[in-house]
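Novice: I have a structure I would like to understand better, so I am pasting it below and will then ask my questions one at a time.
There are 2 protein chains.
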Amino acid sequence: MNGITDSLAGFARDAAPAGPAAQVLRLSLLDWCAVAFAGRDEPVARALRAQAREEGGAPQAALVGAPVRAPARMAALVNGATSHALDYDDTHFAHIGHPSVAVIPAALAAGELAGASGADVQAAALVGAEASVRVGLWLGRGHYQTGFHQTATAGAFGATLAAARLLGLDHDQTVMALGLASTRASGLKGQFGTMGKPLNAGLAASTGVEAAVWARHGVTSDTRGLEGPQGFGPTHHGAGAAGALDGLGRDWLFEGVHHKFHACCHGLHATLEALAEAPAIDPATVERVEVATHPRWLRVCAIAAPRTGLEAKFSYAMAVAMALTGHDTARPGTFTDALCAEPAVVDLRDRVSVRPDEGLSELQARVTVHLSDGAQHALFHDLDAPQPLGARAARIRAKADTLLGHASADRLWQLIEQDAAPGTLMAELAG
Amino acid sequence: MNGITDSLAGFARDAAPAGPAAQVLRLSLLDWCAVAFAGRDEPVARALRAQAREEGGAPQAALVGAPVRAPARMAALVNGATSHALDYDDTHFAHIGHPSVAVIPAALAAGELAGASGADVQAAALVGAEASVRVGLWLGRGHYQTGFHQTATAGAFGATLAAARLLGLDHDQTVMALGLASTRASGLKGQFGTMGKPLNAGLAASTGVEAAVWARHGVTSDTRGLEGPQGFGPTHHGAGAAGALDGLGRDWLFEGVHHKFHACCHGLHATLEALAEAPAIDPATVERVEVATHPRWLRVCAIAAPRTGLEAKFSYAMAVAMALTGHDTARPGTFTDALCAEPAVVDLRDRVSVRPDEGLSELQARVTVHLSDGAQHALFHDLDAPQPLGARAARIRAKADTLLGHASADRLWQLIEQDAAPGTLMAELAG
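Line by line, the protein sequences are chains A and B.
Quick note: the first sequence uses the working numbering, first residue 4, plus one each step.
Quick note: the second sequence uses the working numbering, first residue 4, plus one each step.
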């Protein structure tokens, strides 16, 4: 029986993506473009672009946010970190991570390096993203709980396969590339709350491109990089979950990826979606609001009285108050320190209570809005409820409009639908 | 009480190296130059130089083995891997790893980037090497046994401190650099036997330079990168050994570094040293040879009938036969496939037996040469026995003569003694 390293290498070479998964990848590609562009002036993005400018080098691939080109490995680093800077990118709950920010920048940069077509880049990105979800499942929740940032670790293997496919590596070279990724992949949750978190996404993307480049140059490695006794999984608290590869090449778990439509912690999203489904509510008529949520989120995003825009992104009370007072939670710029001090918002915020409910999943929320006349709105949302592809597309395009402006969002979507080459897409993101 | 991250940052800024440790560092620097130059045509060195040429970029630092300059981070990668390619570099048994191949290339490249003096580079290299030994002790044997290559992991932190000191980072920036190293450090023992092993040394050196550059650009990170609950130690099976920093800044554990004088596995060295101390022995008079060694080595370097030069480096029988038949085990080129088939050597090889002896340390060997006339030579060597600095210097200079040629070895030693700038040293190694 083949190990996971060999199986993933075979998948990367043989898979022929099509159908709904390929459509979802296109939506994730548009979403990635939007959040990367929106993150271009974040401090981590500026810092890494400054590093790229200092180092210079062959103009193999484009950077987001500046008309600058860099070696593919460096472009993957800068663009991966930039696209995760706002924490507004897509999430996969089986992967336990953010697949697109690790894999898409690697695919775009390796695609430019290889002179690949847009169709090939999209196929490689889907293969890589799917592989990152599978590796995330294989590593399991214990790996995450121990402190590894799966976006970075599982993501590096997905990025490697995307790059290996685009650089035309054969099976044995792809196995070597995975082995090299296994000795290079890294990324800790101890970085959360610092620029190290978005950097981790860039590390994954960059590791993927570099591992594939090394393998192309003939660097040899462990042929059982993931599962060998001193491979990545056993050394990094990986569970080696049986069944992680079931249906690989036929079933595309990546289809289950979630896109964010609010520029804040994912734990707040079901609550905000529930409120969005309510009839119009005059904030002056609200007496109090009760939110019930999965207990885990109380440790993550239940700051009662946030003082900064960043803290507001981790506050049920603030998110509810913002939504009810008509502030656009889809726009990153809405979350400001000033808003945290605005009397109308603060007044409402202090009438929001949050309680844990073991009966809810992590993707569900129950919101009860009590009005001063004694009436109630009882609201519920489940982020995991199936959503038709058309509805997902409409929301992602609206998000892209918000982040890129309508004209640019529209052009990018057309380019993606026409399988435009990676350099053409990136030219739209130079800013 | 400060954590290890904060303590190491303070050490990197405040330490004022002098005395015997500074002399040992000079010897390690000469030794590093010799083994790096000797490794310049190994496949991993050629592959990484090809990558560096493809990527190009600012000529911040020199590569070993070619008159090519590259960004400092890339130079550290290439030079780290090149210097570990022959596995002939120094070893520290408390660190459990090879300090110089991780730290010295980082110090040289960061030194060139910063325009630092030779004295500053030597001081930073010593500080970094000492820190890597301390971090290795802090992580402990369990980290190594789990499968982490301490050369790469502990080494990355030492390389980071060397680079941070040379780039003039202040205390807080140095803490950030260590935090960034904690989310970037990697390297698995599953790579042993492949080019991934020397690559790991390059990864450590390159991580050090890049983490310091990132911190200089203002990238923030976990302020308790090593010891935080989801920091490097707790996530990577680190023991967090108490006392690992005892005497830091006063005692230099780096002084206990071991240099290799035979181009083969360290497990064979005590045996070869014991034989070297015997009176001249005519191989025709040898009936059989008994070697007693620490049991651990029997799993590492007891190949009974090696067929390749590489296997010969892990064979007691072959090493004894080579030494008794006058083959120079200091010269990497001596270990060839052809020699493994040479009748005189094979005949003697098959009369060597090896047995475990729990009473010996890993650095001791007992060798009994039985002659056909019934006489015996009972030999013993302990690599850990103190050796005067002058004797160590003489042997390292002889090794450098072997690997570099006398004229170049002599020039390099003069340059090192004169605190020559890093670019001047590197010019001697361009090949």
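We put the beta carbon where it would ideally sit given N, CA and C, even for glycine.
By the criterion of Cβ-Cβ separation under 7 Å, what are the contact partners of residue 216 of chain A in chain B?
Specialist: Residues of chain B passing the Cβ test: 54.
Novice: Going along chain A, which residues have a C-beta under 8 Å from residue 108 of chain B?
Specialist: Chain A residues near residue 108 of chain B: none, gap ~17 Å exceeds 8 Å.
Novice: Step through the CB atoms of chain B and report whether any lies within less than 8 Å of the CB of residue 153 of chain A.
Specialist: By this cut-off, residue 153 of chain A is not an interface position.
Novice: By the DSSP assignment, the alpha helix (DSSP H) with residue 264 of chain A in it spans what residues?
Specialist: That residue, residue 264 of chain A, is in no alpha helix (DSSP H); it is neither H nor E in DSSP.
Novice: Look at the alpha carbon of residue 95 of chain A and the alpha carbon of residue 129 of chain A, and state the distance between them as a whole number of angstroms.
Specialist: Their Cα atoms are separated by approximately 13 Å.
Novice: Among the candidates A:54, A:37, A:205 and A:167, whose CA atom is the shortest distance from the CA of residue 71 of chain A?
Specialist: Checking every option, the nearest Cα to that of residue 71 of chain A belongs to A:54.
Novice: Could you tell me the alpha carbon to alpha carbon distance between residue 23 of chain A and residue 258 of chain A, rounded to whole angstroms?
Specialist: Their Cα atoms are separated by approximately 7 Å.
Novice: Where DSSP assigns a beta bridge to residue 293 of chain A, which residues make up the other side?
Specialist: Partner(s): A:356 and A:371.
Novice: Between A:182, A:88 and A:234, which has its C-alpha nearest residue 45 of chain A's C-alpha?
Specialist: Minimum Cα distance to residue 45 of chain A is reached at A:88.
Novice: Between which two residues does the beta strand (DSSP E) harbouring residue 433 of chain B extend?
Specialist: Run containing residue 433 of chain B: none; DSSP gives neither H nor E here.
Novice: By the criterion of Cβ-Cβ separation under 8 Å, what are the contact partners of residue 203 of chain B in chain A?
Specialist: Result: 186.
Novice: Label residue 187 of chain A either buried or exposed according to how many other C-beta atoms from any shown protein chain fall within 10 Å of its C-beta, with 16 as the threshold for buried.
Specialist: Answer is buried; the Cβ neighbour count reaches 16.
Novice: Taking residue 370 of chain A and residue 305 of chain A to be in contact with their CB atoms under 8 Å, please state how far apart those CB atoms are, rounded to whole angstroms.
Specialist: Not really, about 14 Å apart at Cβ, beyond 8 Å.
Novice: Tell me the residue span of the beta strand (DSSP E) that contains residue 386 of chain B.
Specialist: Run containing residue 386 of chain B: none; DSSP gives neither H nor E here.
Novice: Suppose the cutoff is 6 Å on Cβ atoms and the five residues either side in sequence are ignored; what does the same chain contact list for residue 192 of chain B look like?
Specialist: Same-chain partners within the cutoff: 150 and 152.
Novice: Do residue 368 of chain A and residue 338 of chain A have their beta-carbon atoms positioned less than 8 Å apart in this structure?
Specialist: Contact flag unset, no.
Novice: Under 7 Å Cβ-Cβ, which residues of chain A neighbour residue 115 of chain B?
Specialist: Neighbours of residue 115 of chain B on chain A: none; closest Cβ ~14 Å, over 7 Å.
Novice: Does at least one heavy atom of the ligand NAD sit under 7 Å from the Cβ of residue 219 of chain B?
Specialist: Among the ligands in the structure shown, none appear at all, so the ligand NAD cannot be discussed.
Novice: Does DSSP put residue 161 of chain B in a helix, in a strand, or in coil?
Specialist: It is helical.
Novice: Leaving out five residues before and five after residue 40 of chain B in sequence, what residues of the same chain have Cβ atoms less than 6 Å from its Cβ?
Specialist: Once the five neighbours on either side are set aside, the close Cβ partners of residue 40 of chain B are 407 and 432.
Novice: Could you work out which residue in A:283, A:336, A:400 and A:317 is closest to residue 372 of chain A when comparing CA atoms only?
Specialist: Of the candidates A:283, A:336, A:400 and A:317, the one whose C-alpha sits nearest the C-alpha of residue 372 of chain A is A:283.
Novice: The alpha helix (DSSP H) that contains residue 133 of chain A, what's its start and end?
Specialist: Looking at the DSSP string, the run of the alpha helix (DSSP H) that includes residue 133 of chain A is 121 to 142.
Novice: For residue 135 of chain B, which residues of its own chain have a beta-carbon under 7 Å away from its beta-carbon, when the five flanking residues on both sides are left out?
Specialist: Cβ neighbours of residue 135 of chain B beyond the five flanking positions: 98, 102, 105, 106, 157, 158, 160 and 161.
Novice: Excluding five sequence neighbours on each side, which residues of the same chain lie with their C-beta closer than 6 Å to the C-beta of residue 454 of chain A?
Specialist: Outside the shown range of chain A (4 to 434) lies residue 454 of chain A, about which nothing can therefore be said.
Novice: Under 8 Å, Cβ to Cβ, is there at least one residue of chain A near residue 225 of chain B?
Specialist: Yes, residue 225 of chain B counts as interfacial toward chain A.
Novice: Taking the beta carbon of residue 168 of chain B as the centre, do at least 16 other beta carbons fall within 10 Å, making it buried, or is it exposed?
Specialist: Residue 168 of chain B is buried by the Cβ-count criterion.
Novice: DSSP on residue 114 of chain B, reduced to helix/strand/coil?
Specialist: Of the three classes helix, strand and coil, the one that applies to residue 114 of chain B here is helix, per DSSP.
Novice: Please classify residue 389 of chain B as buried or exposed, where buried requires at least 16 neighbouring CB atoms within 10 angstroms.
Specialist: It counts as exposed.
Novice: To the nearest whole angstrom, what separates the beta carbons of residue 163 of chain B and residue 211 of chain B, a pair I think is in contact under 8 Å?
Specialist: Indeed they touch by this definition, with Cβ atoms about 4 Å apart.
Novice: Identify, in the order they occur along the chain, each residue of the same chain with its Cβ nearer than 6 Å to the Cβ of residue 91 of chain B, setting aside the five sequence neighbours on each side.
Specialist: The answer, listed in chain order, is 38, 263 and 266.
Novice: Give me whichever residues DSSP pairs with residue 95 of chain B in a beta bridge.
Specialist: Answer is B:100, bridged to residue 95 of chain B.
Novice: Consult DSSP for residue 233 of chain B and reduce its assignment to one of helix, strand or coil.
Specialist: Residue 233 of chain B: coil per DSSP, three-state reduction.
Novice: Flag residue 8 of chain B as yes if its beta-carbon sits less than 8 Å from any beta-carbon of chain A, otherwise no.
Specialist: It does not: the Cβ of residue 8 of chain B has no partner Cβ on chain A nearer than 8 Å.
Novice: For residue 236 of chain B and residue 229 of chain B, I'd like the C-alpha separation in whole angstroms.
Specialist: Distance between the alpha carbons of residue 236 of chain B and residue 229 of chain B: 5 Å.
Novice: With a cut-off of 8 Å on the beta carbons, I'd call residue 137 of chain A and residue 172 of chain A a contact; round off their distance for me.
Specialist: Residue 137 of chain A to residue 172 of chain A, Cβ: 19 Å. No contact.
Novice: Starting from the beta carbon of residue 50 of chain B, find every residue of chain A whose beta carbon is closer than 8 Å, and list them in chain order.
Specialist: Near residue 50 of chain B (Cβ distances below 8 Å), the residues of chain A are 217, 220, 221 and 222.
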